[in-house]
Structures are given as structure tokens and as C-alpha cells.
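The structure under discussion appears below in the form of C-alpha cells.
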Amino acid sequence: VSQSAAKLPSKILELMDGFRASKALFVASKLKIFDHLKDKGPMKAVDIANDVGTSVCGTERLLDACAALGLLEKTLQGYSNTDSANIYLTSDGKYSLHGYIIHSNDHLWPLFTNLESAVKEGSRQNHRAFGKKADDLFKDYYHSQEVKQRFMAAMHSIARLTARDVATAFDLSQFKSACDLGGCTGALAHELVQVYPDLKVTVFDLPEVIANTSYFQPSGQHAASVTFVSGDFFKDNLPEADLYILSRVLHDWPDEKIHVLLSKVSAVCRPGCAILLAEMVLDDEKKNRSTALLQSLNMLVQTEGKERSGTEYRALLEQHGFTNVTIRITGNLLDIILCVKM
Ligand code: SAM
38 VSQSAAKLPS
48 KILELMDGFR
58 ASKALFVASK
68 LKIFDHLKDK
78 GPMKAVDIAN
88 DVGTSVCGTE
98 RLLDACAALG
108 LLEKTLQGYS
118 NTDSANIYLT
128 SDGKYSLHGY
138 IIHSNDHLWP
148 LFTNLESAVK
158 EGSRQNHRAF
168 GKKADDLFKD
178 YYHSQEVKQR
188 FMAAMHSIAR
198 LTARDVATAF
208 DLSQFKSACD
218 LGGCTGALAH
228 ELVQVYPDLK
238 VTVFDLPEVI
248 ANTSYFQPSG
258 QHAASVTFVS
268 GDFFKDNLPE
278 ADLYILSRVL
288 HDWPDEKIHV
298 LLSKVSAVCR
308 PGCAILLAEM
318 VLDDEKKNRS
328 TALLQSLNML
338 VQTEGKERSG
348 TEYRALLEQH
358 GFTNVTIRIT
368 GNLLDIILCV
378 KM
């Protein structure tokens, strides 16, 4: 390494390139290149381009970039998937991130294009990215079947990656019933009944979501332990349960709305019952975890919410009688906060 190369601002250069690398991943995923290469020997760029229906010169450059980024392997025989591409980038695996990648390309990318306005105005940018803004972000997501399906597939894919750690961060075997508020496709619910075979889980979500869940259901032996109930958690009665779960829900909302929701949970939660939050918990100084701090910008561009620190979650919970709060940092994308009501 020459003297001048050693002084290059490599971190900054890498960040300047970050969006190009993201887009290369997104486009290869949209074109289903990783599905195409699954279970196949190495393929030449020209054959991939012919199969996918793209230009040879463009496809070759995309494949080379993906190989250099470590997403594909390139040999003299051609391109093949890496092990992690087979697990995470093909569209049908248990831990596939395909749904979240497509959501990132089609939904988050246009929103992040308006990050500057979001920072100047301090508000979400749906109108700039997509031409309109409803009074609540989920109305924006659920106005069309296509956008709703894409959002649910994204939540499903990211939830399956975190579900095992959410389910096992604490021993939940004392609870007989749980209600996953805003539980979406039931990905966490199905993991919970695998880990705790005696547990019954009710997934509670908006009617538009519940009407669309059948596509995401597994056919395992514990499937009958998961039931779906539709309703609005700000307005309707909440199902009875020993354990109330809010996973990636509080970060969508400002404090005022969280107080409405937590007061409803507190009213139905009997002594000995509990509330479990799954969120990216920030450190108190908000300086350590770029994934979580970037997620807070992601909340800025599309919601009225934000990521919060453990101290902030504790303060919100304590106002509703949830006092003995325990926080587990998992090392996964979600951390867990458990509080048994006294
Ligand atoms: N819990 C899932 C997870 O961790 O992947 C999904 C999280 S997603 C960010 C938020 C969920 O809250 C969505 O499924 C959404 O439909 C649901 N939701 C939003 N507003 C709601 C309301 N008023 N009543 C019930 N569910 C609601």
C-alpha cells in the first residue's frame, strides 16, 4: 500500500458507494438472478441474460459487481451463488430476505430520495415519493393490494430472521396465551408455538392485513395454535391474553399514540401477566449502533415514530404501571423488553 493510498478516506469512499451497492443488490434480486442460479452449476453472463431477458453488456456488469461485493462467485466457468445468496437472496427459503429487499427498492428507496425534505420538515415523505399522504402510514400501505402484499412480504421476511431470538430471549413458558398486537403475517406467532408447544397465540392486526394472511401460513403441526383476529388496537377491545407482544410496533408511533395503546394494554393486563416489546433498543447516548440509527431515519421518512433508547421505553412503560422492566440486547436486529405486571 503506497503512502497516499494509506491516507485515503476509505470509510467515506465506501459510504459514497453505498447506494450503488444497495441498488446492485436490489436489481439482481428484482431480476431474480439468485433464484436463477440456485441449484445450478456456474452460468455464463450471456446465458443468464438470455434467460432473464436482459442485455448481455448490462447483465455482465451487474454480475461482476455482485461478485466483487461477495454476493456471487465468479470462476472461469461463469457465475454461481455463494452459500449466503442461496440462503438469504433466493426468494423461497425460510430465511429469505427477498421480500424486504423488494420493499427496500420499491418503497424505501423513493422515500429515502426525499430524506433531505424529511430532515428539513421533520415529517414523513409519502406525498413526495408517491404523490399522496394519508393521515396514517398504514392507510398508505394498504390502499392497494400490490403495495400491501409487498409490505407484508417484507415484514414476513425480516420477522422470520428475528423470530427465534425474540421467542427465546426470555423463558416465556409460564404463559399459556399470548396476543401479538400488530402481528401481521403471524411469522413470530408460528415461531412462538414451535418453541412453546403449549402456548396459544392470537395475532391481532387491521382487517386489511388479516384478510391477506393465508398466503403466509406454514402447514406445521402447531399451526392450529395460532389464530387471527382483526381490529384496530387504538380503538377496539383487545383479545384476552397472559402475554401481550408489540414487535416493531411502538417505533411506528409518536409518544401520544403509544400512550393510548399502552393504556389499553395495561387495562386488560392482569397482575402476573406481561408485556413484551421487540424493538431495536438504542443506547442512552444514541451513538453506538448505525443499523438502529439508520432505522430511526427510516422511521422519519415514513412514519411519525422513531427508534428509542432503553430509558425511553422504560419511561413510557412505567407511566402505565409496567414497572419491573428487563431489557435483553440480543445481537440480532431486535432487542427484547419484558415487563411482568405486579
Ligand atoms: N409485528 C410485525 C413484525 O415485527 O414484523 C409487524 C410490524 S409492522 C412494522 C406494524 C404492524 O402493525 C403492521 O402489521 C400493521 O398492520 C399493524 N398495525 C398498524 N396499525 C394498527 C392498528 N391500528 N391496529 C392493529 N394493527 C395495526
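Numbering (the numbering used here), first residue to last: 38 to 379.
For each residue, glycine too, the CB sits at the ideal point set by N, CA and C.
The structure presented is a predicted model; accordingly, all values stated were derived computationally and were not measured.
Quiz item: So, is A304 buried or exposed, given that buried needs 16 or more other C-beta atoms within 10 angstroms?
Solution: Along the sequence shown, one-based indexing puts residue 304 at 267. Exposed, since its Cβ has fewer than 16 Cβ neighbours within 10 Å.
Quiz prompt | C-alpha distance - L52 paired with S41, whole-angstrom precision | solution = As a position in the sequence shown, residue 52 is number 15, starting the count at 1. As a position in the sequence shown, residue 41 is number 4, starting the count at 1. Cα-Cα distance, rounded: 20 angstroms.
Self-check item: Residue span of the beta strand (DSSP E) that contains S284, given as start and end
Solution: Residue numbering aside, residue 284 sits at position 247 when the sequence shown is read from its first letter. L280 to S284 is the extent of the beta strand (DSSP E) around S284.
Exercise. Enumerate, from N- to C-terminal direction, the unbroken alpha helix (DSSP H) stretches of 4 or more residues contained entirely within the region 238–301.
Key: 244–247
Quiz item: If you count every other CB in all the chains shown that lies within 10 Å of the CB of L218, and 16 or more means buried, which is it?
Solution: Counting from 1 along the sequence shown, the entry for residue 218 is found at position 181. Buried is the call here.
Exercise. With a 10 Å radius around its C-beta and 16 neighbouring C-beta atoms as the bar for buried, classify L209 as buried or exposed.
Key: As a working mapping, residue 209 is identified with position 172 in the sequence shown. Buried, because 16 or more other Cβ atoms sit within 10 Å of the Cβ of L209.
Quiz item: Beta-carbon separation of P147 and S117 under 8 angstroms?
Solution: Start at 1 with the first residue of the sequence shown, and residue 147 comes out as number 110. Start at 1 with the first residue of the sequence shown, and residue 117 comes out as number 80. Not closer than 8 angstroms, so no.
Quiz item: CB D289 to CB T328, shorter than 8 angstroms?
Solution: As a working note, residue 289 is residue 252 in the sequence shown. As a working note, residue 328 is residue 291 in the sequence shown. Going by C-beta atoms, D289 is not nearer than 8 angstroms to T328.
Quiz item: G380: buried (16+ other C-beta within 10 angstroms of its C-beta) or exposed?
Solution: The chain is shown from 38 up to 379; residue 380 falls before or after that span and cannot be answered.
Quiz prompt | Buried or exposed (CB count within 10 angstroms, at least 16 for buried), Q162 | solution = Against the sequence shown, residue 162 aligns to sequence position 125. It counts as buried.
Exercise. With distances taken Cα to Cα, identify the nearest neighbour of A248 among M189, Y125 and V238.
Key: As a working note, residue 248 is residue 211 in the sequence shown. Ranking the options by Cα distance to A248, first place goes to M189.
Practice problem: In the DSSP assignment, find the alpha helix (DSSP H) that holds N163 and state where it starts and stops. | Solution: Locating residue 163 in the sequence shown gives position 126, counting from the first residue. Residues N163 to F167.
Exercise. Determine, using beta-carbon pairs with one atom in the region 230–239 and one in the region 173–192, whether at least three such pairs fall under 8 angstroms.
Key: no
Self-check item: Contact check, I138 vs G130, beta carbons under 8 angstroms
Solution: Looking up residue 138 in the sequence shown gives position 101. Looking up residue 130 in the sequence shown gives position 93. No, the Cβ-Cβ distance between I138 and G130 is not below 8 angstroms.
Quiz item: For C221, is the beta carbon positioned less than 7 angstroms from some heavy atom of the ligand SAM?
Solution: Residue 221 sits at position 184 when you count from the first residue of the sequence shown. At least one heavy atom of the ligand SAM is nearer than 7 angstroms to the Cβ of C221, so yes.
Quiz item: Can you check whether the CB of P276 is closer than 8 angstroms to the CB of K378?
Solution: Within the sequence shown, numbered from 1, the residue matching residue 378 stands at position 341. Within the sequence shown, numbered from 1, the residue matching residue 276 stands at position 239. Result no, Cβ atoms of K378 and P276 do not sit closer than 8 angstroms.
Quiz item: Can you list, in chain order, the stretches of the beta strand (DSSP E) that have 3 or more residues and sit fully within the region 127–183?
Solution: none
Exercise. Consider the C-beta atom of D172 and the heavy atoms of the ligand SAM; say whether any pair is separated by less than 7 angstroms.
Key: Sequence index remark: in the sequence shown, residue 172 carries index 135 (1-based). Incorrect: D172 has no Cβ contact closer than 7 angstroms to the ligand SAM.
Quiz item: How about L313 and H357: do their beta carbons lie closer than 8 angstroms?
Solution: By 1-based counting over the sequence shown, the position of residue 313 is 276. By 1-based counting over the sequence shown, the position of residue 357 is 320. No, Cβ-Cβ distance for L313 and H357 is not below 8 angstroms.
Quiz item: Taking C-alpha atoms, which residue in D172, V203 and V64 lies nearest to G368?
Solution: Start at 1 with the first residue of the sequence shown, and residue 368 comes out as number 331. Considering only alpha carbons, the answer is V203.
Self-check item: L62 to N142 span [Cα, whole Å]
Solution: The residue you call residue 62 lines up with position 25 of the sequence shown. The residue you call residue 142 lines up with position 105 of the sequence shown. Each residue's Cα considered, the two are about 9 angstroms apart.
Exercise. Report the rounded CA-to-CA distance for L134 versus F71, giving the unit in angstroms.
Key: For the purposes of this step, residue 134 is identified with residue 97 of the sequence shown, where counting begins at 1. For the purposes of this step, residue 71 is identified with residue 34 of the sequence shown, where counting begins at 1. Cα to Cα, the separation comes out at about 12 angstroms.
Quiz item: Taking DSSP as the reference, what is the three-state secondary structure of I366?
Solution: The count along the sequence shown starts at 1 and reaches residue 366 at position 329. Coil.
Quiz item: Do three or more CB pairs link the region 253–268 to the region 316–323 at distances below 8 angstroms?
Solution: no
Practice problem: Would you mind giving the Cβ-Cβ distance between Y132 and L198, rounded to the nearest angstrom? I have them listed as a contact below 8 angstroms. | Solution: Taking the first residue of the sequence shown as 1, we reach residue 132 at position 95. Taking the first residue of the sequence shown as 1, we reach residue 198 at position 161. Their Cβ separation, rounded to whole angstroms, is 6 angstroms, which keeps Y132 and L198 in contact under 8 angstroms.
Quiz item: Is L106 near A82, with beta carbons less than 8 angstroms apart?
Solution: Here residue 106 refers to the residue found at position 69 of the sequence shown. Here residue 82 refers to the residue found at position 45 of the sequence shown. Not in contact: L106 and A82 (Cβ atoms no closer than 8 angstroms).
Quiz prompt | Residues that G115 bridges to, as DSSP identifies them | solution = Position 78 of the sequence shown, counting from 1, holds the residue named residue 115. Paired residue(s): T112.
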